[in-house]
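Enquirer: Would you mind keeping the following structure in view while I ask a few things?
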Amino acid sequence: MRGFTSALGRAGPVMTISVAGAVANFVLNYAMINQWLGLPNLGLMGIGLVTAIVTNCMALALAWHIKRHPAYAAYPISKGLSKLSRSHLKELWRLGLPIGGTYAVEVGLFTFAAFCMGAMGSTQMAAHQIALQTVSMAFMIPVGISYAVTMRIGQHYGAGNILMARTAGRLGIGFGGSAMLLFGIFFWLAPHWVIGLFLDLDDPAFAEIVVLAAKLLAIAAWFEFFDGTQTIAMGAIRGLKDARTTFLIGLGCYWLIAAPAAWLLGFYADGGASGVWWG
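Every position in the sequence shown, counted from 1, becomes a number in this note's numbering once 5 is added.
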């Protein structure tokens, strides 16, 4: 449903519902932890329960919005489901399978990196999680831009307006690359400020984690720009209805280059956690 509304140029409701859901999730979890309003403290199970309820409510809210808003009247989903043809399903499969595969190989690489950190020790794992969470938060900018670029290029390309499609891609890459360049500079110059959001920098028990996390953020500073621009570029390629190319690029780069390099630099070159990140 998010993709449906966004493809029609109405991403605002998705953002509104997502922000409202995130706020509700935080407030309800905090209330349950502190047993406000008579809520029981169910520990981790309670957090999972609240998150599941909020997520389902978000889905229902978006479905209600699509059902009630006149902007979607020309696209009745219920009637469309009854008119699915083999050609429609084949096209969805042709595009959806490699797109899902691209995300799978990327997530798989980060899972592999986590396994490497776990094999090294708890300090490496803790530092890795701090740096990864920070980088992932910043990475939401190019991810969002890549979705927008995919949709805009798809609309212009489908209308035969190649010039506007090219402009949308260039603007997306330029804006996203500039934003990630700023984040890279920030990670390089102020890593301890970021780490201080997770840990008490003055606590001696966290000293090794702080030092290692700062090193990992410094490494992240070097690839933020390139990682952000390639994500947006992949979105641009998908807008041209070419998902196979992005999958093959992701598979080759992540698992034929990055994973072996991370393993070799991390374990055989004694690079440790930094070696895994350089890989």
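Note that the Cβ used here is the ideal one computed from N, Cα and C, for glycine as well.
Could you tell me the alpha carbon to alpha carbon distance between Met63 and Ser23, rounded to whole angstroms?
Expert: In the sequence shown, the residue the question calls residue 63 occupies position 58. In the sequence shown, the residue the question calls residue 23 occupies position 18. Computed Cα separation, rounded: 7 Å.
Enquirer: How is Arg15 classed by DSSP in three states: helix, strand or coil?
Expert: In the sequence shown, counting from the first residue as 1, residue 15 sits at position 10. DSSP places Arg15 in coil when its eight states are reduced to three.
Enquirer: Out of Gly189, Trp260 and Gly48, point me to the one whose CA is closest to Ala226's CA.
Expert: For this step, residue 226 is matched to residue 221 along the sequence shown. Ranking Gly189, Trp260 and Gly48 by Cα distance to Ala226 puts Gly189 first.
Enquirer: Ile256 to Asp208, Cα distance in whole Å?
Expert: Residue mapping note: residue 256 aligns to position 251 of the sequence shown, counting from 1. Residue mapping note: residue 208 aligns to position 203 of the sequence shown, counting from 1. Looking at the sequence shown, residue 256 is not Ile but Leu. Straight-line Cα distance between these residues: approximately 41 Å.
Enquirer: Using the C-alpha atoms, what's the distance from Thr107 back to Lys220?
Expert: By 1-based counting over the sequence shown, the position of residue 220 is 215. By 1-based counting over the sequence shown, the position of residue 107 is 102. So the alpha carbons of these two residues sit roughly 28 Å apart.
Enquirer: Could you tell me how far apart the beta carbons of Gly277 and Ala263 are, in whole angstroms, since I believe they sit closer than 8 Å?
Expert: The residue given as residue 277 occupies position 272 in the sequence shown. The residue given as residue 263 occupies position 258 in the sequence shown. That belief does not hold up - the Cβ atoms of Gly277 and Ala263 are roughly 17 Å apart, past 8 Å.
Enquirer: Assess contact between the segment 179 to 189 and the segment 95 to 103, defined as three or more Cβ pairs (one per stretch) separated by less than 8 Å. Is contact present?
Expert: No: the two stretches stay apart, fewer than three of their Cβ pairs being nearer than 8 Å.
Enquirer: Excluding the 5 residues flanking Ile150 on each side, which residues of the same chain have their C-beta closer than 6 Å to its C-beta?
Expert: As a working mapping, residue 150 is identified with position 145 in the sequence shown. Excluding sequence neighbours, Ile150 sits near Gly177, Gly181 and Ile237.
Enquirer: Which of the three DSSP states is assigned to Asn166 in this structure?
Expert: Residue mapping note: residue 166 aligns to position 161 of the sequence shown, counting from 1. DSSP places Asn166 in coil when its eight states are reduced to three.
Enquirer: Going by alpha carbons, who is nearest to Leu217 out of Leu186, Met156, Phe230 and Ile200?
Expert: Taking the first residue of the sequence shown as 1, we reach residue 217 at position 212. Among Leu186, Met156, Phe230 and Ile200, the Cα nearest to that of Leu217 belongs to Ile200.
Enquirer: Pro18 to Ala241, Cα distance in whole Å?
Expert: Here residue 18 is taken as the residue at index 13 of the sequence shown, counted from 1. Here residue 241 is taken as the residue at index 236 of the sequence shown, counted from 1. Each residue's alpha carbon lies about 23 Å from the other.
Enquirer: Thr10: which of Ala29, Ser127, Pro75 and Ala164 sits nearest, CA to CA?
Expert: For the purposes of this step, residue 10 is taken as the residue at position 5 of the sequence shown. Out of Ala29, Ser127, Pro75 and Ala164, Pro75 has the C-alpha closest to the C-alpha of Thr10.
Enquirer: Buried or exposed for Arg91, going by 16 or more other Cβ atoms inside 10 Å?
Expert: The count along the sequence shown starts at 1 and reaches residue 91 at position 86. Counting Cβ neighbours within 10 Å, Arg91 comes out exposed, since fewer than 16 surround it.
Enquirer: State the Cα-Cα distance for the pair Arg73 and Gly26, rounded to the nearest angstrom.
Expert: Position 68 of the sequence shown, counted from the start, is the residue given in the question as residue 73. Position 21 of the sequence shown, counted from the start, is the residue given in the question as residue 26. For Arg73 and Gly26, the distance between alpha carbons rounds to 20 Å.
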